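Read the structure below first, then the notes.
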Amino acid sequence: MSKMLEGKVALVTGGSRGIGAAIARALAKDGADVAISYASAKDRAGSVVAELKALGVRAKAFQADQGKTAEVGNLIAAVGSHFGRVDILVNNAGVLVLGEVHDRANNLTEFDRMFDINVRGVAAAVRAVAPLMTDGGRIISIGSVVGESTPFAGAADYSGTKAALLGLTRGWARDLGPKGITVNAVQPGPIDTDMNPSENGEFSDTQKSLTALGRFGTAEEVAAAVTFLASPSASYITGSTITVDGGFNA
Ligand code: NAP
């Protein structure tokens, strides 16, 4: 029996670990050929690629700093040239830097770097990929619940990057709708990864207590929403956001 995404090519940025690696695995299980990008974890990216190939799909890892526009453009071109097409772009690579606005250690250099990676790099990727995508194309960006509400101090800059993605998602849906390309976001709540470990003292306890389910989510629970949006079943969903947060924003 043919799989849902057979014949499709997906690029998952930041696919070497965490949520991105889980998304890459889930897309491959559904039959898509998968490219992943990474910043520096070459060995981990190589292990993910080996897992993807073991699922019977084509897979390749590309080093590209999401915070550098030229590297993002080269990444999309390299994926297009290696696989012959790009049907699904998952903008997952992201960084989190916490710090309160009045804290002297919290400076604008970190603010700029976070916006460069979490927002500007995504805008560069969408600009580069849109001309390569055809009818049925899918663009999915990983936002965050804190793009919608910020229930603790120290996350303003990060929240700002994720809120920006929501506005861009709605606008890009309008721009690319006539080409038959859908553009959506998935906003996770607390997910157990290197970025946000589930056992991290007061910070993780606070996050758990803010969810209705009383626990962190898994990367696979986020990946399930991404594969749904990438699938033919989601053909009439665009400009939308799916929240996967255990009730954090309920
Ligand atoms: P993670 O475990 O820290 O993994 C981050 C991934 O992004 C890695 O593959 C990393 O590559 C890559 N990356 C980081 N900076 C990059 C750059 N400059 N260029 C290219 N790739 C870069 O993070 P995660 O928790 O899986 O988060 C994935 C996404 O979900 C992010 O956008 C994050 O904001 C969002 N999110 C996470 C949570 C959570 O609770 N974990 C909640 C809401 C939203 P290397 O391995 O090479 O460093």
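Numbered continuously in my numbering, the sequence shown closes out at residue 619. Virtual Cβ for every residue (Gly too), placed ideally from N, Cα, C. Predicted, not measured: the structure shown is a model, and the values here were computed from it.
So what's residue i in DSSP terms, helix, strand or just coil?
i, result
"Y605", "coil"
"N476", "coil"
"P566", "coil"
"Q576", "helix"
"L582", "coil"
"L421", "helix"
"R413", "helix"
"P557", "strand"
"A522", "coil"
"T530", "helix"
"R427", "coil"
Considering only C-alpha positions, which residue in the set the options is nearest to residue i?
i, options, result
"T519", "K531, A393, I511, I509", "K531"
"A522", "T580, L467, V595, F431", "L467"
"A390", "I405, F585, G376", "I405"
"H471", "N569, V514, A525, D434", "A525"
"E590", "K377, G558, E440", "G558"
"V430", "D412, A533, I611, E375", "Just to set this straight, residue 430 is Ala in the shown sequence, not Val. Checked all of D412, A533, I611, E375; the closest Cα to A430 is D412."
"L380", "N565, K398, Y605, A428", "A428"
"P547", "V595, T580, G608, S510", "G608"
"T382", "A423, G400, E440", "E440"
"L579", "A592, K372, I560, V595", "I560"
"V622", "S385, V418, R394", "Any answer about residue 622 is impossible in this case: the structure gives the chain only from 370 up to 619."
"T612", "G384, R584, Q556", "Q556"
Got a sec, what are the start and stop residues for the alpha helix (DSSP H) residue i sits in?
i, result
"I388", "387-398"
"V595", "588-599"
Which stretch, first to last residue, makes up the beta strand (DSSP E) that contains residue i?
i, result
"V514", "No beta strand (DSSP E) holds V514; DSSP gives it neither H nor E."
"D402", "402-407"
Enumerate, from N- to C-terminal direction, the unbroken alpha helix (DSSP H) stretches of 4 or more residues contained entirely within the stretch 438-498. 438-452, 477-484, 490-498
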